[in-house]
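Enquirer:
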Amino acid sequence: MKRALPRRALSRISVLALVLGVTLASPAGPAQAAGNTLTVDVGSVVRPVTHVGSGGLYGVGSDTKPTTAQLLPLSPNGFTQPAPGTTHLGNGATEPCCDSLDVAGNITRAGAQQLIRMPDIYPTFPYRWQGWADWEQKVRTMVQDRLAATSTTNIRGWELWNEPDWTWDTAAAGSFNAGWTRTHRLIRSLDTVTPIVGPSDSYYSHDRMLSFLRNARDTNTLPDVIVWHELTDMDWNQFDDHVADYRAIERSLGISPREIAINEYNSLGQMDIPSVAVHWISVLERHGAREAHRAYWFEAGTFDGLFTTGGQPTASYWAYRWYGAMAGNVVRTTPQSWLDGVAAYDSSRQIVNVVLGGDSGNNSVRVNGLGSFGSSVRVTVNAVPGSGRHTQVSAPTVLSTSTMTVSNGSVTVPVNGMTAEGAYQVVVTPAAGPTSSWQQVYEAENANVVNAQTRGSSAASNGSYVGGIDGTADMRSQSFVDFTVNVPTARTYTMAVRYANGTGSTSTHGLAYNGGAFSTVSYPPTAGWGQFGTTNVTVSLRAGYNVIRLAKGSPNFPGGTGYAELDSITLS
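Read in order, the letters of the sequence shown are residues -33 to -1, 1 to 539 in mature numbering (1 follows the signal peptide of the UniProt record, and there is no 0).
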């Protein structure tokens, strides 16, 4: 029997179909195509790896679903979760799902952050407005609940409303722009610290964005982060235009650049196609989003279809796991026709990791900039099928493993028999393999950076480091860096911390791992800010994944002395 579409999907799709003329499904790529090449330039850095596209809307269903162990290999960047005290019943649910404070521990243990979606305090979608007095009381209660959660970190922002282009009740509540200003001011009267994000329209509109930003500028209620949704089939083709248009509006209004978060991406009809996820990840990295969250069309607690309802990995899971394994820097990829992909270069191990898809037939990946790899390289090609969220895929298929000759610093890797819906991985290392059998160097800029800034420097390993680790006031503003590390055995490791300290005297950070007690790391002065030295400490880690926190301020830590910048940690 054909399953009825969920309430939320029906409501959104019917409106979007009328507004945009969209269809519910379309193919992920051409039925017949071949002979295209994805070009990867290892020496052309786009940005540090932060796994921009590895987030989810309601991706965490509880403190144990998915488990933290399931989340860690995916390197999640961020989530959007319902408000504290939510009564929201999403997609046919019989009880409210995944209150942001209830799931905060799981998200933090996975090395991620979250946005809180405030209107999910209402039980149904589209939201049923109950009047300004009711809404403002709800806002006060939500903010007070969050402020009372003094051990909860990693709340990255208040999402003031959701898809106001069609869910805001203008007749009853007045214009959304005026409502934004009123609600923004109320939140700021209660919480002056936590960022506010929006407007969170269901699709990008130049006219709506211009009107919204002009009002927000004039009323001094600008969002700290700009959010909109990308939910139409093949919207990845337009994402660069949307970003460019938004940046032009900022400039025209004299607004300083805001980070962009796409906290719902991918359409109902293409949500479970691995190659479509690859398209999205590629453009999100290429065009500068801070974070992006997979859309919630179906069951809660499955990370939006990366797991089956029984908790088993799907084909799309493996595409995100390949992506989650990236370290170092995202490097430039040049698509051809439907063939696209994202690539990263980890210089500490000499690994080029390419995730690609979107085309069918026999195609190739050309990797340039391999001069330091020697005269030959080892190349592995993996694949997963185009199956959906109900099909378990226990492991990728290894299509080929070979040694290839490097010519003028380049190799061209054949990827034959592609399907338009599948996802593929190409891994290139020196012929003898990576320089170490497990990752030992972890860059601070690749980690979960909370209330601090990533900065560029030629003196930093990999070209970037983390500074501004200055906050100690409370759980909203405390500054720390969480490194997710993966070690082969349970034992005591030496951890070399590469840091800079320009204060002229010894500074300290708190050190904790896997939620344990804090100890102190001391940083003697270096030659100046952005000029790095090394200090060694020991850590007792379990086999597999561990989260290591270096903190200026953190719950259960009274605060470090002085200041220090972090470049990397190395385990041995």
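Glycine included, C-beta positions come from ideal geometry on N, C-alpha and C.
The structure displayed is predicted, hence computed values, not measured ones.
Answer yes or no: do Ala467 and Trp496 have a C-beta to C-beta separation smaller than 8 Å?
Expert: Closer than 8 Å, so yes.
Enquirer: Where Gly291 and Arg257 are concerned, what is the direct C-alpha to C-alpha distance, given to the nearest angstrom?
Expert: Taking the straight line from one Cα to the other gives about 16 Å.
Enquirer: Expressed to the nearest angstrom, what Euclidean distance is found between the alpha-carbon atoms of Ala519 and Thr150?
Expert: A quick correction: the sequence has Lys, not Ala, at residue 519. Distance between the alpha carbons of Lys519 and Thr150 is about 32 Å.
Enquirer: Considering only C-alpha positions, which residue in the set Gln359, Ser424, Ala244 and Asp212 is nearest to His18?
Expert: The residue with the shortest Cα to Cα distance from His18 is Ala244.
Enquirer: Starting from the C-beta of Ser11, find all residues in its chain whose C-beta is less than 8 Å away, skip the five residues before and the five after it, and write them out in chain order.
Expert: Once the five neighbours on either side are set aside, the close Cβ partners of Ser11 are Val298, Arg299 and Gly336.
Enquirer: Starting from His246, trace the alpha helix (DSSP H) in both directions and tell me its first and last residue.
Expert: Where His246 is concerned, the enclosing alpha helix (DSSP H) stretches over Pro241 to Arg253.
Enquirer: In three-state terms, what does DSSP make of Thr370?
Expert: Thr370: strand per DSSP, three-state reduction.
Enquirer: On the criterion of 16 or more Cβ atoms from any shown chain inside 10 Å, does Gln104 qualify as buried, or is it exposed?
Expert: Under this definition Gln104 is an exposed residue.
Enquirer: On the CB-based measure, 16 or more other CB atoms within 10 Å of its CB, does Asn202 come out buried or exposed?
Expert: Looking at the sequence itself, residue 202 is Asp, so the reference to Asn does not match. Buried, since its Cβ has 16 or more Cβ neighbours within 10 Å.
Enquirer: What would DSSP say about Leu(-24), mapped onto helix, strand or coil?
Expert: Unreliable placement is indicated for Leu(-24), whose pLDDT of 29 sits below 50; no coordinate value is reported for it.
Enquirer: Does the beta-carbon distance from Asn233 to Arg253 come in below 8 Å?
Expert: No, the pair does not count as a contact, with Cβ atoms beyond the cut-off.
Enquirer: State the Cα-Cα distance for the pair Gln392 and Val433, rounded to the nearest angstrom.
Expert: Taking the straight line from one Cα to the other gives about 30 Å.
Enquirer: Residue ranges of each beta strand (DSSP E) run of no fewer than 3 residues wholly in the region 431 to 516, ordered along the chain?
Expert: As far as the region 431 to 516 is concerned, its whole beta strand (DSSP E) runs of at least 3 residues are 431 to 434, 447 to 454, 458 to 467, 474 to 480, 486 to 490 and 500 to 508.
Enquirer: Starting from Arg299, follow its DSSP beta bridges and name the residues at the other end.
Expert: Looking at the DSSP assignment, Arg299 forms a beta bridge with Asp8.
Enquirer: At the level of alpha carbons, what is the spacing between Asn320 and Tyr94?
Expert: One C-alpha to the other measures close to 43 Å.
Enquirer: Report buried or exposed for Gln445, applying the criterion of at least 16 other Cβ atoms within 10 angstroms of its Cβ.
Expert: Result: buried.
Enquirer: Can you tell me the Cβ-Cβ gap for Pro535 and Ala411, rounded? I've got them flagged as a contact below 8 Å.
Expert: Sequence inspection shows Ser at residue 535; the Pro mentioned does not correspond to that position. Their Cβ separation, rounded to whole angstroms, is 6 Å, which keeps Ser535 and Ala411 in contact under 8 Å.
Enquirer: Suppose you measure from the CA of Val380 to the CA of Trp285; what does that come to, to the nearest Å?
Expert: Roughly 21 Å separates the two Cα atoms.
Enquirer: If I follow the unbroken alpha helix (DSSP H) through Ile229, where does it start and stop?
Expert: It is not in any alpha helix (DSSP H) - Ile229 instead sits in the beta strand (DSSP E) that spans Glu226 to Tyr232.
Enquirer: Which of the three DSSP states, helix, strand or coil, is assigned to Ile318?
Expert: Note: Ile318 maps to strand in three-state DSSP.
Enquirer: Please classify Ser283: does DSSP put it in a helix, a strand, or coil?
Expert: It is helical.
Enquirer: Who are the Cβ neighbours of Gly477 in its own chain at under 7 Å, not counting the five residues just before and after it?
Expert: Phe485, Thr487, Ala518, Ser521, Phe524 and Gly527.
Enquirer: State buried or exposed for Asp313, treating a residue as buried only when at least 16 other CB atoms are found within 10 Å of its CB.
Expert: So Asp313 counts as buried.
Enquirer: Determine which residues share a DSSP beta bridge with Gln359 and list them.
Expert: Bridge partners of Gln359: none, in fact.
Enquirer: Report the rounded CA-to-CA distance for Ala50 versus Glu532, giving the unit in angstroms.
Expert: Cα-Cα distance, rounded: 34 Å.
Enquirer: What's the gap between the Cα of Ser42 and the Cα of Ala139?
Expert: Computed Cα separation, rounded: 42 Å.
Enquirer: Return the chain-ordered list of same chain residues with a C-beta closer than 6 Å to the C-beta of Gly325, the five sequence neighbours on each side being excluded.
Expert: Same-chain partners within the cutoff: Gly(-5), Ser242, His246, Trp305, Leu306 and Asp307.
Enquirer: Label Gly(-13) either buried or exposed according to how many other C-beta atoms from any shown protein chain fall within 10 Å of its C-beta, with 16 as the threshold for buried.
Expert: Note that Gly(-13) scores 36 on pLDDT, short of 50, meaning its location in the model is unreliable; the coordinates nonetheless yield the value given after this. Burial call: exposed.
Enquirer: To the nearest angstrom, how far is the alpha carbon of Thr199 from that of Gly22?
Expert: Looking at the two C-alpha atoms, the distance is approximately 18 Å.
Enquirer: Rounded to whole angstroms, what's the CA-CA distance from Arg76 to Leu189? Just pull it up for me.
Expert: Using only the alpha carbons, I get a separation of about 31 Å.
Enquirer: Helix, strand or coil for Thr(-11) per DSSP?
Expert: The predicted position of Thr(-11) is uncertain, since its pLDDT is 36 and thus under 50; a value taken from the coordinates is nonetheless stated next. Here Thr(-11) sits in coil by DSSP.
Enquirer: The beta strand (DSSP E) with Asp396 in it runs from where to where?
Expert: The displayed chain sequence assigns Thr, not Asp, to residue 396. Element bounds for Thr396: Ala390 to Pro397.
Enquirer: Please state the DSSP three-state secondary structure of residue 541.
Expert: As shown, the chain starts at -33 and ends at 539. That puts residue 541 outside it, with no answer to give.
Enquirer: Grouping DSSP H, G and I as helix and E and B as strand, with all else coil, what is Phe46?
Expert: Three-state result, Phe46: strand.
Enquirer: Since Ile227 contacts Met176 with CB under 8 Å, what's their CB separation in whole angstroms?
Expert: Between Met176 and Ile227 the Cβ distance is about 11 Å, and since that is not below 8 Å, they are no contact.
Enquirer: Can you list, in chain order, the residues of its chain with a C-beta nearer than 7 Å to that of Gly272? Leave out the 5 residues immediately preceding and following it.
Expert: Met238, Asp239, Phe265, Thr281, Ser283 and Arg356.
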